[in-house]
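**Student:**
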């Protein structure tokens with residue numbers, strides 16, 4: 003009589019898939035995996051005993067890609083069935099890590115030679131915020147970035163900015179120049195009349211103390227506007 007066939011222990015297939023995916027990623031990097039597979043690698047930590055491929059594919063379909071999933075607001079993520087608090091936590095940890103890495107590429111470096119990295123950092127830090135943030139980048143005499151601070155948090159379409167406080171902080175840090183940055187949660191980075199008036203007030207206050215305003219960047223969802231490029235800096 004033939005011996006009964008052995009049944010593979012439950013979960014072996016999923017474990018094998020995880021091991022193979024991890025091995026492929028470690029050998030060849032991001033180019034060897036698709037967006038949903040990269041997301042699977044993140045979800046493995048939050049969901050240790052379930053096939054996460056369907057959830058990864060659903061998240062990619064809902065938000066449009068791996069970066070968009072990582073940057074998505076927590077309340078929107080939890081609208082997807084299967085996204086727990088732990089899943090959100092893993093994604094937000096990854097988002098913060100990405101912002102920190104972007105920031106490390108620009109701090110203590112000349113702004114001119116790292117302009118693309120600076121824009122990438124601003125987009126990573128602000129493009130998906132649901133309310134307006136007003137950020138100041140402080141530069142020394144050699145245009146090296148010495149500090150990066152969020153000065154104000156506002157509403158969905160307004161941030162109160164006080165020129166005196168901007169200039170005061172620049173003096174405290176010994177900055178010779180500044181770059182202003184804020185986001186438009188609407189996604190459209192076109193400067194508003196209020197943006198232009200506020201910038202002119204800061205330029206005037208800063209000029210009185212020999213502090214230059216190099217630019218004012220407005221960050222939208224997938225593009226930005228530069229006051230300097232638009233000829234809006236007085």
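Residue numbers (the working numbering): 3 to 236. In this text, a Cβ means the ideal position worked out from N, Cα and C, and glycines have one as well.
Straight-line CA distance for residue 91 to residue 148?
**Tutor:** Going by the C-alpha atoms only, they are around 31 Å apart.
**Student:** Find out if the Cβ-Cβ distance for the pair residue 141, residue 178 is shorter than 8 Å.
**Tutor:** The answer is yes: Cβ separation under 8 Å.
**Student:** Per DSSP, what kind of secondary structure is residue 2 in: helix, strand or coil?
**Tutor:** Past the edges of the chain, shown from 3 to 236, lies residue 2, and the structure says nothing about it.
**Student:** Decide if residue 28 is buried, meaning its Cβ has at least 16 other Cβ atoms within 10 Å, or exposed.
**Tutor:** Exposed is the call here.
**Student:** Taking 8 Å as the cut-off, decide whether the C-beta atoms of residue 62 and residue 124 are in contact.
**Tutor:** Taking 8 Å as the Cβ cut-off, residue 62 and residue 124 do not qualify as a contacting pair.
**Student:** Nearest-angstrom Cα distance between residue 127 and residue 185?
**Tutor:** Distance between the alpha carbons of residue 127 and residue 185 is about 10 Å.
**Student:** Enumerate, from N- to C-terminal direction, the unbroken beta strand (DSSP E) stretches of 3 or more residues contained entirely within the stretch 116 to 189.
**Tutor:** Taking only runs of at least 3 residues, the beta strand (DSSP E) segments lying wholly in the stretch 116 to 189 are 135 to 141, 147 to 155, 179 to 185.
**Student:** From 32, 52, 37, pick the residue whose C-alpha is nearest to that of residue 18; which is it?
**Tutor:** Of the listed residues, the one whose Cα sits closest to residue 18 is 52.
**Student:** For residue 218, which residues in the same chain have their Cβ closer than 6 Å to its Cβ, ignoring the five residues on either side in sequence?
**Tutor:** Closer than 6 Å at the Cβ level, and outside the excluded window around residue 218, lie 182, 201, 229.
**Student:** Which residues mark the beginning and the end of the beta strand (DSSP E) in which residue 219 is found?
**Tutor:** Run containing residue 219: 214 to 221, per the beta strand (DSSP E) assignment.
**Student:** Answer yes or no: do residue 120 and residue 44 have a C-beta to C-beta separation smaller than 8 Å?
**Tutor:** Contact flag unset, no.
**Student:** With a CB to CB cut of under 7 Å and the five nearest residues on each side skipped, what residues in its chain are close to residue 154?
**Tutor:** Only 136, 161, 162, 163 meet the Cβ criterion.
**Student:** Note down, in chain order, each residue of its chain lying with its Cβ closer than 8 Å to the Cβ of residue 5, except the 5 sequence neighbours on either side.
**Tutor:** Because residue 5 sits at a pLDDT of 48, beneath the cut-off of 50, its placement in the model cannot be relied upon, and the following sentence gives the value as read from the coordinates. Answer for residue 5: no residue qualifies.
**Student:** Write down the C-beta distance between residue 150 and residue 96 rounded to the nearest angstrom, noting that I regard them as a contact closer than 8 Å.
**Tutor:** Not really, about 20 Å apart at Cβ, beyond 8 Å.
**Student:** Report yes if the CB atom of residue 171 is closer than 8 Å to the CB atom of residue 204, and no otherwise.
**Tutor:** Contact flag unset, no.
**Student:** Runs of 4 residues minimum, wholly inside the stretch 26 to 55: which ones carry the alpha helix (DSSP H) assignment?
**Tutor:** Listed in chain order, the complete alpha helix (DSSP H) runs (minimum 4 residues) inside the stretch 26 to 55 are 37 to 48.
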